[in-house]
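The next block holds one structure in the form of structure tokens; read it before the comments.
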Amino acid sequence: MAVTVTCPVCHFTNIPEDRDTCPQCDADLVCFRLLEALSEIPAEAAVVLPEASEQNTTQTPGGKKYRIPGIMWPTALLLVLLVLGFGYAISRFGIMAGRVKQMQSSITKMAAMAADDRAVIRETGQSVRELRQASAGALETIKKMHEMLSTGISQTADCPETGPVAPEVSPPPSPPVCFRQYQAKDSDTLWGISRALYGSGRFYPVLMEHNPDLAIYDISSRDRLRYLCDKKAVLQVYGEITGTVHGKRYWKYKIRPGDTRGSVIRQYCSHGTDCLVKEIPFKPGMTIGIYLE
Numbered sequence: 001m002a003v004t005v006t007c008p009v010c011h012f013t014n015i016p017e018d019r020d021t022c023p024q025c026d027a028d029l030v031c032f033r034l035l036e037a038l039s040e041i042p043a044e045a046a047v048v049l050p051e052a053s054e055q056n057t058t059q060t061p062g063g064k065k066y067r068i069p070g071i072m073w074p075t076a077l078l079l080v081l082l083v084l085g086f087g088y089a090i091s092r093f094g095i096m097a098g099r100v101k102q103m104q105s106s107i108t109k110m111a112a113m114a115a116d117d118r119a120v121i122r123e124t125g126q127s128v129r130e131l132r133q134a135s136a137g138a139l140e141t142i143k144k145m146h147e148m149l150s151t152g153i154s155q156t157a158d159c160p161e162t163g164p165v166a167p168e169v170s171p172p173p174s175p176p177v178c179f180r181q182y183q184a185k186d187s188d189t190l191w192g193i194s195r196a197l198y199g200s201g202r203f204y205p206v207l208m209e210h211n212p213d214l215a216i217y218d219i220s221s222r223d224r225l226r227y228l229c230d231k232k233a234v235l236q237v238y239g240e241i242t243g244t245v246h247g248k249r250y251w252k253y254k255i256r257p258g259d260t261r262g263s264v265i266r267q268y269c270s271h272g273t274d275c276l277v278k279e280i281p282f283k284p285g286m287t288i289g290i291y292l293e
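Its first residue numbered 1, the sequence shown is counted upward by one per residue in this note's numbering.
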């Protein structure tokens, strides 16, 4: 298990024994370890005097011998340790002084950057004020121009034009719708005729629209039917004359003079059953709906 120590300055715990500085307050732990080691050495055991008296004596040039006191050895050792400790502390202080200088340099740079930012902000505010003033002037000019233009238009409207008036151009007349005649046969049905002429039997309401006197369930060789020459127009006419209600397709029939409810049902409904969309009064010119089979 690794041995840990506690910082005597900030009391930070669990510091590895071989670490030189405290990770929290950067205190020098080497000096504290040296002081602890000195305090643990007893004064009596600090120096062991040799047994022979010759080892504790020194000889002068005249041949006389003097005894060296035993207290000098621990004092010398303590001085050496103190010198080493102070030297290490001075080196650490030199490192900390370098860090302080770096911090001061960084603070100076940050202060210069902040001053530059304040200058940019002041210049930006000045530009914004100038832009607002220019925009206000342009807006005022536009308002004056609009007032002048409105005044000129009103004056022009009050004064009649004296120049020649351009003739009105009428739209070109639409080309007449092209129809052809089909001679029916006794075996024909309206669905079959629509399929032969228009390509699909579902377009038979177009034949009903263009042949309103036709009894659709009683076609014979006596009938002649009008049909469109242009097959492309059939789909457009089909969409205009039909509609849907409750999912069922119906034909928009315009009531003609002489029509009655019963006559319309007999002419356009299968087997005389009522196929009208709803009960409405019969009046010439009104449009009703007739369900398609």
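We put the beta carbon where it would ideally sit given N, CA and C, even for glycine.
Asked	Found
Which of helix, strand or coil DSSP assigns to glycine 289	strand
Assigned exposure category for cysteine 225 - 16 Cβ within 10 Å defines buried	What sits at residue 225 in the sequence shown is leucine, not cysteine. So leucine 225 ends up on the buried side.
Where the beta strand (DSSP E) through leucine 276 begins and ends	Segment: none, leucine 276 is in no beta strand (DSSP E) and carries neither H nor E.
DSSP state of glutamine 183 mapped onto helix, strand, coil	strand
Residues that DSSP places opposite glycine 243 in a beta bridge	Tyr250
Residue closest to glutamine 181, alpha-carbon to alpha-carbon, out of Gly98, Lys283, Ile265 and Asn211	Asn211
DSSP-derived helix/strand/coil call for alanine 138	helix
Nearest-angstrom Cβ-Cβ length linking isoleucine 280 and isoleucine 290, presumed shorter than 8 angstroms	At roughly 12 angstroms, the Cβ-Cβ gap does not stay under 8 angstroms, so isoleucine 280 and isoleucine 290 are not in contact.
Chain-order list of residues whose beta-carbon lies under 6 angstroms from that of arginine 92 (same chain, five-residue window excluded)	Asp28
contact_flag[the stretch 180–200, the stretch 213–224] where n(CB pairs < 8 angstroms) is 3 or more	yes
CA-to-CA distance, glycine 258 to glutamate 209, given in whole angstroms	18 angstroms
Per-residue DSSP class, three states only, for arginine 226	strand
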